[in-house]
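Asker: The structure is given below, and queries will be raised subsequently.
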Amino acid sequence: MAKGWKIVTVLPNPGGALPLQEWSLVAIPDKGQAIRAIKARHPHAAIRVDSEANAELLAKYDVRDGKVFVLVEGS
């Protein structure tokens, strides 16, 4: 059964305004590898693992093994 993580990423805003947040589903069972996948996309971001993502949630958004799916970008 697939397993992954819900991860929140806080990105610096180049315009100097409030930081931007991004919510992602990462279909990588190992927590450390999931964090590294997000860090590779956003090396200067603050990253927080929100919770574990179960197979049903990953299937709902069709997130396949080893992939990252961005749920919400912005504000």
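Start counting the sequence shown at 9; every next residue gets the next number (our numbering).
The beta carbon of each residue, even a glycine, is placed where N, CA and C say it ideally should be.
All figures in this text were calculated on a predicted structure; none of them were measured in a lab.
1. Among the residues of its own chain, which have a CB less than 8 Å from the CB of Lys39, if the five just before and after it don't count?
2. In angstroms with no decimal places, state the Cα-to-Cα distance between Ile55 and Asp70.
3. Can you name the start and end residues of the beta strand (DSSP E) that Lys14 belongs to?
4. Specify the secondary structure class of Arg72 as computed by DSSP and reduced to three states.
5. For Pro20, I'd like the list of residues in its chain whose CB is within less than 7 Å of its CB, leaving aside the five on either flank, ordered along the chain.
Answerer: By the coordinates alone:
1. Trp13 and Val57
2. 23 Å
3. Gly12 to Leu19
4. coil
5. Pro27 and His52
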